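> If you read the sequence shown in the working numbering, its first letter stands for residue -14, the second for the next number, and so on.
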Amino acid sequence: MPTDSVTTSRTQKTSSRLKYLNNKNFVFQSLTVCTLLTLPFAVNAENTEEAKAKAKTATPTVNNKTPTLSEMTVTTKSINQGFDSDNGLGLHLDASPAVASRLGLTIRETPATVNVITQEQMQQQGIRNLIEAYISAPGVSAGNLPGEPGVTSMRGFSRAATGYMVDGMRVVDSLLVSRNFDSWSFDRIEILKGPSSVLHGTGALAGAINLVPRKPSHEKTSFEGILSYGSFDSLRVGVGGNTPFGDTGAVRGNIIYSKSGGYINDTGSNTLAITTGVTVKPIDRLSLSADFEYFHDHFDTPYQGAPLLPGSIAKSPSGVVSTTNGYVLDKSIGKTNYNVNDGLMTSDNFWVRTKADYKLTDNWHLINEAGFFHADRYWANSEDYTFNAKTNLLDRTTTLITHNQDIWSERIYTSFDGNLFQHRNRFVSGFEYINTQLDSNRRFGAASSVNPFTPVRSNFPTDTKANFSTRQDFGGSVDTVSGFMEDSLNLTPAWLAVVGVRFEHSKLDRNIYDLNTQATSNFGRSFDPLSWRFGSVYDVTKNIQIYGQYNHAVSPVSSLLVSSSQRAAFKLTTGDSFEAGFKSSFWDNRATLTTAFYHITQDDILTRDPTNPQLTVQGGSQRSRGIETDLSVALTPQWRVNANAAFLDAEFTQLLEAGGADRSGKTPPNVPLRTFNISTFYTLPSIPLTFGAIVHNSGNFYTDNANTIKVAGYTLLDLSLSYQFKNIGTLKVQGRNMTNEFYANWSGYSATQVYIGAPRSVDVTWTTAF
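#1: If we count the other Cβ atoms within 10 Å of its Cβ and call it buried at 16 or more, is residue 477 buried or exposed?
#2: What would DSSP say about residue 146, mapped onto helix, strand or coil?
#3: On the premise that residue 341 lies in contact with residue 273, defined as a C-beta separation below 8 Å, what is that separation, rounded to the nearest angstrom?
#4: Report the option in 534, 241 and 598 whose CA atom is closest to the CA atom of residue 643.
#5: Could you check what DSSP says for residue 316 in three-state terms: helix, strand or coil?
#6: Identify the continuous alpha helix (DSSP H) that holds residue 118 and give its terminal residues.
#7: Quick check: what's the CA-CA separation for residue 238 versus residue 277?
#8: Please report the distance separating the alpha-carbon of residue 427 from that of residue 499.
#9: Is residue 656 helix, strand or coil when you go by DSSP?
#10: Could you compute how far the alpha carbon of residue 592 sits from the alpha carbon of residue 621?
#11: Do residue 150 and residue 193 have their C-beta atoms within less than 8 Å of each other?
#12: If you measure from the beta carbon of residue 375 to each beta carbon in chain B, is any gap under 8 Å?
#13: In three-state terms, what does DSSP make of residue 78?
#14: So residue 351 is in the beta strand (DSSP E); what residue range does that whole segment cover?
#15: Buried or exposed: which applies to residue 696, given that a residue is buried once 16 or more other Cβ atoms fall within 10 Å of its Cβ?
#16: Once the 5 residues before and after residue 475 are set aside, which same chain residues still bring their CB inside 6 Å of it?
#17: Would you tell me roughly how many angstroms separate the C-alpha atoms of residue 729 and residue 596, rounded to the nearest one?
#18: Return yes when the Cβ of residue 255 is within less than 8 Å of the Cβ of residue 244, no when it is not.
#19: Where residue 546 and residue 424 are concerned, what is the direct C-alpha to C-alpha distance, given to the nearest angstrom?
#20: Would you identify the three-state DSSP class for residue 517, choosing helix, strand or coil?
#21: Below 8 Å between beta carbons: does that hold for residue 802 and residue 98?
#22: Checking 8 Å against the spacing of the C-beta atoms, do residue 722 and residue 744 come in under that value?
#23: Assuming residue 171 and residue 198 are in contact, meaning their beta carbons sit under 8 Å apart, how far apart are those beta carbons, in whole angstroms?
#24: Mark residue 174 as exposed unless 16 or more other C-beta atoms lie within 10 angstroms of its C-beta, in which case mark it buried.
#25: Leaving aside the five residues before and after residue 650 along the sequence, list all residues of the same chain whose C-beta is less than 6 Å from its C-beta, in chain order.
#26: Below 8 Å on the Cβ atoms is my guess for residue 756 versus residue 264; work out the distance and round it to an integer in Å.
#27: How is the beta strand (DSSP E) around residue 105 delimited, first residue to last?
#28: Would you check if the distance between the CB atom of residue 362 and the CB atom of residue 388 is smaller than 8 Å?
#29: Measuring alpha carbon to alpha carbon, tell me which of 433, 684, 302 and 85 ends up nearest residue 632.
#30: Looking only at its chain, what residues have a beta carbon closer than 6 Å to the beta carbon of residue 440, apart from the 5 residues adjacent to it on each side?
#31: Extract the residue ranges of the beta strand (DSSP E) inside the region 366 to 422, only unbroken runs of 3 or more that lie entirely within it.
#32: Could you compute how far the alpha carbon of residue 690 sits from the alpha carbon of residue 574?
#33: Nearest CA to the CA of residue 589: which residue from 615, 616 and 559?
#34: Any contact of the region 118 to 128 with the region 517 to 535, i.e. 3+ C-beta pairs under 8 Å?
#35: On a Cα-Cα basis, can you pick out the residue from 705, 551, 399 and 502 that is closest to residue 674?
#36: The alpha helix (DSSP H) that contains residue 552, what's its start and end?
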């Protein structure tokens, strides 16, 4: 737990934070003002004779049936946006994911790659958490790096290059917020590939991920439940329910708890997620909604990875890792935990969002979205283990970090869907304000060295100058004001042009107090980036689209909120991307196929001065290019096959490191150059018994910029058998990693540490819905 000095520091910061929070009430005040301003217009519209006549005479239908009052107010499509087609199991080409645009474009109409993993797909494939969901998408790799749980790699770029949102509310510095949540809380996970700063702000160079929680529905009262138990004493139990109220309201709540003993020694964990939402239409032209989510995770002595050892002392050397110095991954230490006995990682995350959508006319909407996020995170662990050839021991570091983070978000925009010179035109324009505040205590030191085979792990040291050579308290804030515009114009009924532009003004303020030296430093700077894109989609036929897009994006050289004064002085890096591809459905819409080709460059990454290698400067660059394809086929009503694959070539085109070492032509760390997934599910015609098989493959990757440490690729096989009991639920048995492959799927903060994946396991799951 935090020491007295840490607690005192945080108490002092809390006092100043209260003053800060009081100044931020404008976020919710602005939502109230916008809502109140729209009410007179809405009430006036509803009281007109024309509106009254429409209310008396209108007889809309849903599926050729006269709907009930609740069905008249909100249709299924407005809730699920088309994701319920193919029972939620296809590629959803006719759905409109929010991550891709605010224009309401379908995936077919979007000149970019968009992957969606629905709750139905997650349950069918036995996906339990976000990491498992991410890697099911084409070309996405993910790892459980304890400081960044759920960190991803896409299209040759990893870590902070991916934007992160919950139901459209974006965050600054996505690495600070990323967690490996239980997947049951979410209706779907939307992934937009390629630079997306024009939509989601600075930092989204590889793409953007939008987590969409389960939403209230006006359709009917419903209930869902899940109960699962499996290997490593793993348990998941959750319930959820939805109910309409009145004529236009609906409320939903979900809760899920999970725990596991872990497949590494002494790595127990538990998580809790509570998600709620309410939606209502007080008048016909105004829709209001509010959502709240709480996520908690707690990891005892979290797994920090396995250190590489010299082949000469390894008891069971494996071929998983190959190095230029003869170090190997020793299979005999595969379950060994080198963290301190009382290591801890925990977090509490709160999300609150409100939305008001007022229909100004038949073509114009005014929309206001406000949000608040708060997180407390805590780490106290030994994170890095390096073999010392002189002592034959592992030298260990210690790290204590706390986060007290707030994000306030306010977005207001107008949308138009109508005709411009006889051509359909969809247009969005608006403003966004985001304030992010982070207080962080940071301690870095060393723990006792341990024997690699019989470690005496000891306890976490007390917070003193003698134990921690670095003891700093950080404070930082980033204020971002943005203006954005998107437009799509049908040049012909079959030819669509899409453009977008976003301007941001970001102001960074940082302060660092050094407890060891009693020194304080304050610094900051401003950024004014411009992001833009233009693209086009052409309908070859109704079911075949070809597209192309050019995109310009920006990204900081490192996390702004924990940057040093030296890093903060650098300008933003820039990224440019070209993508082309096609999307199609065929065989009477039983099959869908998408393919994309892309080329991305990033300039002004940090490198060393060629004339003075001791000096860090901007001027480096890297690029990636590749192909991704995704296929879903319903071979029969009982048999579906899904397959996706990604192949890429990623390299530093200009990079110098310490000593002037040239890394040009080297592959960035944690970037596998090949991934593919194949899944098939077959239900017997006579009985509701379903057989399933999933194959996941990931290619080789490196852990360092020099490419001296290579981790071998791996292939995993999952098998499942499920039986659906009529009107009761589904019982499913799933075996994972059935070949018991020994593999590593990510590297640690140290290049000589890798994370070993889970061995063979089995779980039994009961799900029900009615």
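All C-beta atoms in this analysis are idealised placements derived from N, C-alpha and C, irrespective of residue type, glycine included. All values reported here derive from a predicted model rather than from experimental measurement.
In brief:
#1: exposed
#2: helix
#3: 5 Å
#4: 598
#5: helix
#6: 115 to 119
#7: 9 Å
#8: 10 Å
#9: coil
#10: 55 Å
#11: yes
#12: As a matter of chain content, chain B is missing from the structure shown, which is built from one protein chain.
#13: coil
#14: 349 to 366
#15: buried
#16: 408, 409 and 481
#17: 39 Å
#18: yes
#19: 9 Å
#20: strand
#21: Past the boundaries of the shown model lies residue 802; the chain is included only from -14 to 755, so the question cannot be answered.
#22: yes
#23: 6 Å
#24: buried
#25: 636
#26: The first residue shown for the chain is -14 and the last is 755, placing residue 756 beyond what the model contains.
#27: Residue 105 -> not in any beta strand (DSSP E); alpha helix (DSSP H) instead, spanning 104 to 110.
#28: yes
#29: 684
#30: 323
#31: 370 to 373 and 378 to 405
#32: 45 Å
#33: 559
#34: no
#35: 705
#36: 550 to 553
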